[in-house]
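Q: The structure follows.
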Amino acid sequence: MFWNTNKTILIPFVLVTTFLFFLPQKARAFFTKEVFINSNLISAGYWEEYDFTTPLKASDSVGKLWLAGNFNVLYDNLAKTLSEIYTKEEFVNALKDSKIAGFEIMGEAVYTTSAQAYVVMKIRYADNSSREYKTVFNYEDGSWKLLGTKEV
Amino acid sequence: MTQLKYFGLGLFLGILVVGTVTAVKAYLTKEKVLGESVISAATLDIATTPQSALFYFEGVTPGFGSGEKKITLKNTGTTNLKYTISIEPANTSDNNVLYGALEYTFYEYNENSQLTKTVGGNGALLKDLQNVEIAQTLNSGQEKQLGVEISLPQTANNEIQGLTTNFRIIFNAIQEDGAF
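Chains A and B, in that order, give the protein sequences.
If you number the first sequence the way the working numbering does, the last residue is 152 and the count never jumps.
If you number the second sequence the way the working numbering does, the last residue is 332 and the count never jumps.
The following block contains the structure:
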């Protein structure tokens with residue numbers, strides 16, 4: 001009864017109070033600010049010794065690193081010729097899915113020059129297949145660095 | 153015509169009521185500006201100490217712990233605020249397995265430097281520290297300390313040897329009555 005009598009005045013009253021009170025609350029944007037503490041750095045050291053002092057020990061280290069998927073350290077032990085082609089990131093990304101199931105050193109190191117040698121490695125894959133690779137090393141800066149591999 | 157007059161009267165009364173309430177509210181809160189204008193008149197600002205390089209550790213190995221590093225947060229604006237903390241790698245290449253292996257514990261202190269909250273710990277990964285809302289608000293001019301500790305678990309595998317990660321700590325502040 002009251003509504004019917006006064007709806008002409010009540011409707012605009014309700015509308016305008018609702019609009020002025022609540023709409024700004026819903027529509028307003030809050031002040032925000034982001035601050036940063038930049039340049040935080042953590043770098044991991046090395047806690048497992050990998051021996052690259054002879055071609056034979058170097059091939060064993062290559063096998064262990066490959067088996068562990070530790071291509072960062074493997075990259076650090078590449079011959080310059082190879083490391084100049086790829087960045088560490090490219091190298092790691094290229095090999096990250098090529099993990100192996102095991103390896104075996106086949107025989108002794110063969111020296112082609114005083115600064116280059118190869119060792120044949122038998123690589124076993126997850127499907128139990130295996131392949132043999134001639135793993136070539138260059139003697140650089142006091143240790144034997146991986147130059148490349150070629151399937152035998 | 154009469155109905156139009158009543159309609160206009162309704163509008164006028166509505167504006168009058170809202171205006172009166174806002175003016176009274178402004179008077180009672182001793183603000184010199186009205187209603188929503190209070191917010192636009194305020195400033196929201198926050199500062200951290202240090203501003204960079206809270207963590208700088210080279211050659212870390214499994215079992216590494218940074219120890220608790222303190223951050224001082226100051227509300228340098230004129231409005232009270234609340235905030236969240238997040239971590240993100242500085243570049244895509246920093247989002248590596250080392251970054252993924254780091255763990256954190258986060259400590260919140262009150263103005264009396266008493267520990268009020270611990271977040272993370274128990275193997276919580278740093279990469280998962282995203283938009284963690286800090287329980288306490290920071291009033292205008294107020295200063296509080298937070299603590300962050302980063303660790304590398306004993307179980308970290310050899311894969312992360314020689315890796316480096318750069319990351320930033322982000323504080324996202326919003327006015328006290330805002331919503332993230």
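Even for Gly, the Cβ is constructed at its ideal location relative to N, Cα and C.
Tell me, to the nearest whole angstrom, how far the beta carbon of B/Asn262 is from that of B/Thr268; I am working on the premise that it is less than 8 Å.
A: The sequence position of residue 262 of chain B within the second sequence is 110, counting from 1. The sequence position of residue 268 of chain B within the second sequence is 116, counting from 1. 5 Å between Cβ atoms; contact.
Q: With distance defined between alpha-carbon atoms, name the residue in A/Val120, A/Arg124, A/Asp141 nearest to A/Thr149.
A: Taking the first sequence and counting its residues from 1, one reaches residue 149 of chain A at position 149. Closest option to A/Thr149, Cα to Cα, is A/Val120.
Q: What's the gap between the Cα of A/Ala79 and the Cα of B/Ile223?
A: Taking the first residue of the first sequence as 1, we reach residue 79 of chain A at position 79. Taking the first residue of the second sequence as 1, we reach residue 223 of chain B at position 71. Cα to Cα, the separation comes out at about 44 Å.
Q: Is the CB-CB distance between A/Arg124 and A/Ile100 below 9 Å?
A: Here residue 124 of chain A is taken as the residue at index 124 of the first sequence, counted from 1. Here residue 100 of chain A is taken as the residue at index 100 of the first sequence, counted from 1. Taking 9 Å as the Cβ cut-off, A/Arg124 and A/Ile100 qualify as a contacting pair.
Q: Hey, could you find the ends of the beta strand (DSSP E) A/Trp144 is sitting in?
A: For this step, residue 144 of chain A is matched to residue 144 along the first sequence. 143-151 is the span of the beta strand (DSSP E), which, as asked, contains A/Trp144.
Q: Count the other CB atoms, across all protein chains shown, that sit within 10 Å of the CB of B/Thr317; report buried if there are 16 or more and exposed otherwise.
A: Within the second sequence, residue 317 of chain B is the residue found at index 165, counting from 1. Buried is the call here.
Q: At least one CB of chain A closer than 9 Å to the CB of B/Leu304: is that the case?
A: As a first step, residue 304 of chain B is located in the second sequence; it is residue number 152 there, counting from the start. It does; some Cβ of chain A falls within 9 Å.
Q: Whether or not the stretch 273-292 of chain B and the stretch 60-74 of chain A are in contact is what I'm after, with contact meaning three or more pairs of Cβ atoms, one per stretch, closer than 8 Å; do they touch?
A: no
Q: Taking the runs of the beta strand (DSSP E) that are 3 residues or longer, which of them lie wholly in the stretch 193-256 of chain B?
A: 198-201, 208-212, 221-227, 233-241
Q: Contact criterion: CB-CB distance below 9 Å. Does B/Phe159 meet it with respect to chain A?
A: What you label residue 159 of chain B is simply residue 7 of the second sequence in a count that begins at 1. At least one chain A Cβ lies under 9 Å of B/Phe159.
Q: How is the alpha helix (DSSP H) around A/Gly102 delimited, first residue to last?
A: Locating residue 102 of chain A in the first sequence gives position 102, counting from the first residue. Not the alpha helix (DSSP H): A/Gly102 falls in the beta strand (DSSP E), residues 102-113.
Q: For B/Thr231, does the count of other Cβ atoms within 10 angstroms reach 16, so buried, or fall short, so exposed?
A: Within the second sequence, numbered from 1, the residue matching residue 231 of chain B stands at position 79. With 16 or more other Cβ atoms within 10 Å, it is buried.
Q: What does a CB cutoff of less than 8 Å around A/Ser130 pick up in its chain, not counting 5 residues either side in sequence?
A: Position 130 of the first sequence, counted from the start, is the residue given in the question as residue 130 of chain A. Answer for A/Ser130: Lys122, Ile123, Arg124, listed in chain order.
Q: For B/Phe216 and B/Ser303, I'd like the C-alpha separation in whole angstroms.
A: Counting from one through the second sequence, the residue named residue 216 of chain B turns up at place 64. Counting from one through the second sequence, the residue named residue 303 of chain B turns up at place 151. Their backbone Cα atoms lie some 5 Å apart in a straight line.
Q: Which residue's Cα is closest to the Cα of A/Met106: A/Ala115, A/Val92, A/Tyr133, A/Ala117?
A: Here residue 106 of chain A refers to the residue found at position 106 of the first sequence. Considering only alpha carbons, the answer is A/Tyr133.
Q: Whose Cβ in chain B lies nearer than 7 Å to the Cβ of A/Gly69?
A: Against the first sequence, residue 69 of chain A aligns to sequence position 69. Simply Glu311.
Q: Keeping to the same chain, check which residues put their C-beta closer than 7 Å to that of A/Leu147; ignore five residues upstream and five downstream.
A: Residue mapping note: residue 147 of chain A aligns to position 147 of the first sequence, counting from 1. Hits under 7 Å: Ala79, Thr81, Leu82, Val136, Phe137, Asn138.
Q: Would you say A/Tyr133 reaches chain B, if we count a Cβ-Cβ gap shorter than 9 Å as a contact?
A: For the purposes of this step, residue 133 of chain A is taken as the residue at position 133 of the first sequence. Chain B, which has no Cβ nearer than 9 Å to the Cβ of A/Tyr133, makes this no.
Q: Cα-Cα, which of B/Gly211, B/Thr201, B/Leu165, B/Asn247 is closest to B/Asn227?
A: In the second sequence, the residue the question calls residue 227 of chain B occupies position 75. Residue B/Thr201 is the option with its Cα nearest to B/Asn227.
Q: Thinking just about the alpha-carbon of each residue, which of B/Leu278, B/Gly299, B/Leu233, B/Ser204 is nearest to the one in B/Tyr251?
A: As a position in the second sequence, residue 251 of chain B is number 99, starting the count at 1. The residue from B/Leu278, B/Gly299, B/Leu233, B/Ser204 with its alpha-carbon nearest to that of B/Tyr251 is B/Leu278.
Q: Along the chain, where does the beta strand (DSSP E) that runs through A/Tyr139 open and close?
A: Here residue 139 of chain A refers to the residue found at position 139 of the first sequence. Looking at the DSSP string, the run of the beta strand (DSSP E) that includes A/Tyr139 is 130-140.
Q: Buried or exposed: B/Thr181, going by 16 or more other Cβ atoms within 10 Å of its Cβ?
A: On the second sequence, position 29 is the one that residue 181 of chain B refers to. Bear in mind that the predicted position of B/Thr181 carries a pLDDT of just 35, short of 50, making it too unreliable to give a figure here.
Q: Start and end of the beta strand (DSSP E) containing A/Lys33?
A: Stepping through the first sequence from its first residue, residue 33 of chain A is reached at position 33. For A/Lys33, the uninterrupted beta strand (DSSP E) segment begins and ends at 32-44.
Q: Quick check: the stretch 205-220 of chain B against the stretch 297-313 of chain B, are at least 3 beta-carbon pairs closer than 8 Å?
A: yes
Q: With respect to the beta strand (DSSP E) encompassing B/Asn283, which residues constitute its N-terminal and C-terminal limits?
A: By one-based count along the second sequence, residue 283 of chain B stands at place 131. Per DSSP, B/Asn283 belongs to no beta strand (DSSP E) and is neither H nor E.
Q: Under 9 Å between the Cβ atoms of A/Asn38 and B/Ala199?
A: Against the first sequence, residue 38 of chain A aligns to sequence position 38. Against the second sequence, residue 199 of chain B aligns to sequence position 47. For A/Asn38 and B/Ala199, no; Cβs fall outside 9 Å.
Q: Please state whether DSSP places A/Phe52 in a helix, a strand or coil.
A: Counting from 1 along the first sequence, the entry for residue 52 of chain A is found at position 52. Of the three classes helix, strand and coil, the one that applies to A/Phe52 here is coil, per DSSP.
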